[in-house]
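I have placed the structure first, in the form of C-alpha cells, so that the comments after it can refer back to it.
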Amino acid sequence: MKVTAHHGKIQDKPPSFYASFNCIISGLDNVEARRWLNATVCGLVELDDDGDPDPSTIVPIVDGGTEGFSGQARVILPRITSCFECSLDAFPPQKSFPLCTVAETPRLPEHCIAYAFTLQWPREFPDRKLDTDSPTDMKWVYEQALIRAEKFNISGVTYMLTMGVVKNIIPAVASTNAIVAAACVNETVKLLTFCSQTLNTYMMYMGATGVYSHTFVYERKEDCPVCTSTVRKMTVTKNTTLNELMQRLRDGDLRLKSPSVVAAGSGTLYMQKPPSLEKATRHNLDRALSALIEDGEELTVTDPIFPNLNLSLSICFEQ
Ligand SMILES: [Zn+2]
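For the sequence shown, my numbering begins at 702 and goes up steadily by one.
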C-alpha cells in the first residue's frame, strides 16, 4: 500500500481532488469542516434530466468522530442517504456564554473562568495577550476564576476545567479513537469490496456507561440545502430589509456564514466579495425586500460554507 500525505487545509483542495477518490474517510475535529467537506462531496454528484444521481459521480464519505468516551461513525452516500447537513440540528452551534451572564450573574464554574480570561485579563494586562500555552498565564486565570467562584458560592473550578474552557479542549481517549477508527475502516472495506451491507447510517459508541453501541438511520431531510434540489420558501413582511433576511440566513436553521444574494429577475442584491461589488451593493442592505424584488421571486444564495452550491429561496411577502 502506498500512502501519500498532503499537509494543509481541506479547503485548499479543489473539488477535482475529492472527486479522484473512491471513498473518503474523514476524521475532522469540528462541525464547520464537516459541513464544508460534506457540501463539497455532495456537490460532485451529477444529476440526469430526471434529477437522479449518476452513480459514477458519487463518492461515499465515512465520517468518524470522538469526544471523550463517546464516539460515532457514519456512512454518507451523497444524494442517496442523509448527508451531514441533513442532521445539522443534532449539532448545536458551538457553545459560547452570554457576556451579561458572565459579567453579572454567573451560575456555572465555566462562567467564572470566562470572566477571568475575557474581562479580567485585558483589564489587568491591557498590553499583553493571554498566552494559553503558558502555565503562568493559565494559573493566573485559574486563580482569578477560583476567587470569583468563591464570591458567588460556585463550586467546580479546577485547573483542568480552566484549560478546557479557555482552549476549548475536549479530552481524547485513545481507546475511543481506536474503536471509531476500526469502525470507519470496516465500513470502507465494505464499500470498496461490496463484501457486505454498509452501516445504515449511523453508529454511536458510548464508552462512559460500559461497552455499549447502537445504530440508527438518520433520515434525509426533505429540504436539505446540500443534498436536495428543493427551493426553500421563506415568508417575510413587506418591511423586512435585506439585512434582516441575511440575519435569518445566518441565525436560522441554515446557519450560513456570509451569504451573497442574487435575485432571479432583479439581479445582484448583495455580494460579499470582491470589495468593489460589496461596496456597490451595500446600500441594498437597509432597503426593504419589497422594494428590491417581486413577490415570489427566487433568490440564489451562495455561501463559503457550501462551496460550489447554490441555494434557492423563494421569497413571499406576508399579505
Ligand atoms: Zn442532506
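Backbone N, C-alpha and C fix where the C-beta goes; we use that ideal spot for every residue, glycine too.
As a quick exercise: from Val760, Val732, Glu733, Val746, pick the residue whose alpha carbon is nearest that of Leu892.
Mapped onto the sequence shown, residue 892 falls at position 191. When each option's Cα is compared against that of Leu892, the closest is Val760.
Of all the options Asp753, Ala879, Asp952, which has the alpha carbon lying nearest to the alpha carbon of Pro658?
Given that the chain is displayed from residue 702 to residue 1020, the structure contains no residue 658 and the question cannot be resolved.
Looking only at its chain, what residues have a beta carbon closer than 6 Å to the beta carbon of Glu1019, apart from the 5 residues adjacent to it on each side?
By one-based count along the sequence shown, residue 1019 stands at place 318. Non-local beta-carbon contacts of Glu1019 in its own chain, meaning distances under 6 Å to residues more than five positions away in sequence, involve Thr936, Thr938 in chain order.
Check whether the Cβ of Val927 lies closer than 7 Å to any heavy atom of ligand 1, and answer yes or no.
Residue numbering aside, residue 927 sits at position 226 when the sequence shown is read from its first letter. Indeed, a heavy atom of ligand 1 lies less than 7 Å from the Cβ.
What are the boundary residues of the alpha helix (DSSP H) that includes Asp952?
As a position in the sequence shown, residue 952 is number 251, starting the count at 1. Residues 943 to 952.
State the beta-bridge partners of Pro754 as determined by DSSP.
Residue mapping note: residue 754 aligns to position 53 of the sequence shown, counting from 1. DSSP output for Pro754 lists Leu748 as bridge partner(s).
How is Ser856 classed by DSSP in three states: helix, strand or coil?
Position 155 of the sequence shown, counted from the first residue, corresponds to residue 856. In the displayed model, Ser856 falls within coil according to three-state DSSP, outside both helix and strand.
Going by CA-CA distance only, name the one from Val962, Thr819, Met864 that's closest to Asn985.
Along the sequence shown, one-based indexing puts residue 985 at 284. Out of Val962, Thr819, Met864, Val962 has the C-alpha closest to the C-alpha of Asn985.
Residue from His708, Asn739, Met702, Ala882 with nearest C-alpha to Tyr719:
For the purposes of this step, residue 719 is taken as the residue at position 18 of the sequence shown. Comparing Cα-Cα distances from Tyr719 to each of His708, Asn739, Met702, Ala882, the minimum goes to Asn739.
Look at Lys934 and Ser1015 and say whether their C-beta atoms are less than 8 Å apart.
Counting from one through the sequence shown, the residue named residue 934 turns up at place 233. Counting from one through the sequence shown, the residue named residue 1015 turns up at place 314. Between Lys934 and Ser1015, the C-beta spacing is below 8 Å.
Same chain, Cβ closer than 8 Å to Met904, neighbours up to 5 away in sequence not counted:
To locate residue 904, count along the sequence shown from 1; it is residue 203. Only Gln773, Ala774, Arg775, Ala884, Ser914, His915, Thr916 meet the Cβ criterion.
Sorry if obvious, but does the Cβ on Ser783 come closer than 7 Å to a heavy atom of ligand 1?
The residue labelled residue 783 in the question sits at position 82 within the sequence shown. The answer is yes for Ser783.
Hey, would you say Asp764 sits closer than 8 Å to Arg735, going by beta carbons?
As a working mapping, residue 764 is identified with position 63 in the sequence shown. As a working mapping, residue 735 is identified with position 34 in the sequence shown. Yes, the pair counts as a contact, with Cβ atoms nearer than the cut-off.
Please tell me whether Val874 and Phe785 are closer than 8 Å, where the distance is taken between their beta carbons.
Counting from one through the sequence shown, the residue named residue 874 turns up at place 173. Counting from one through the sequence shown, the residue named residue 785 turns up at place 84. The answer is no: Cβ separation not under 8 Å.
Going by DSSP, which residues form a beta bridge with Gly772?
Position 71 of the sequence shown, counted from the first residue, corresponds to residue 772. Bridge partners of Gly772: Thr767, Tyr906.
What are the boundary residues of the beta strand (DSSP E) that includes His915?
By 1-based counting over the sequence shown, the position of residue 915 is 214. That run of the beta strand (DSSP E) goes 913 to 917.
Can you tell me which of the three DSSP states Cys787 falls into?
As a position in the sequence shown, residue 787 is number 86, starting the count at 1. Assigned with DSSP and collapsed to three states, Cys787 falls in helix.
Given Met907, which residues of its chain have a CB within under 6 Å of its CB, disregarding the five upstream and five downstream residues?
Along the sequence shown, read from residue 1 onward, the residue named residue 907 stands at position 206. In the same chain as Met907, and ignoring 5 residues on each side of it, the C-beta atoms closer than 6 Å to its own belong to Ser771, Tyr913, in chain order.
Have a look at Leu928 and Glu945 and give me their C-alpha separation to the nearest angstrom.
Within the sequence shown, residue 928 is the residue found at index 227, counting from 1. Within the sequence shown, residue 945 is the residue found at index 244, counting from 1. Per the sequence shown, residue 928 should be read as Cys rather than Leu. Near 26 Å, if we compare the C-alpha coordinates of Glu945 and Cys928.
State buried or exposed for Val803, treating a residue as buried only when at least 16 other CB atoms are found within 10 Å of its CB.
Here residue 803 corresponds to residue number 102 of the sequence shown, with the count starting at 1. Val803 counts as buried, since no fewer than 16 other beta carbons sit within 10 angstroms of its beta carbon.
When we look at the beta-carbon of Gln948 and count the other beta-carbons within 10 Å, is it buried (16 or more) or exposed?
Numbered from 1 along the sequence shown, position 247 holds the residue referred to as residue 948. With fewer than 16 other Cβ atoms within 10 Å, it is exposed.
Which residue from Tyr816, Pro807, Val867 puts its Cα closest to that of Asp832?
The residue you call residue 832 lines up with position 131 of the sequence shown. Nearest option by C-alpha distance: Val867.
Beta-carbon proximity list for Tyr843, same chain, < 6 Å, skipping 5 on both sides
Working through the sequence shown from its first residue, we reach residue 843 at position 142. Cβ-Cβ distances below 6 Å link Tyr843 to Tyr860, Thr863 in the same chain, with the five nearest sequence neighbours on each side left out; the list follows chain order.
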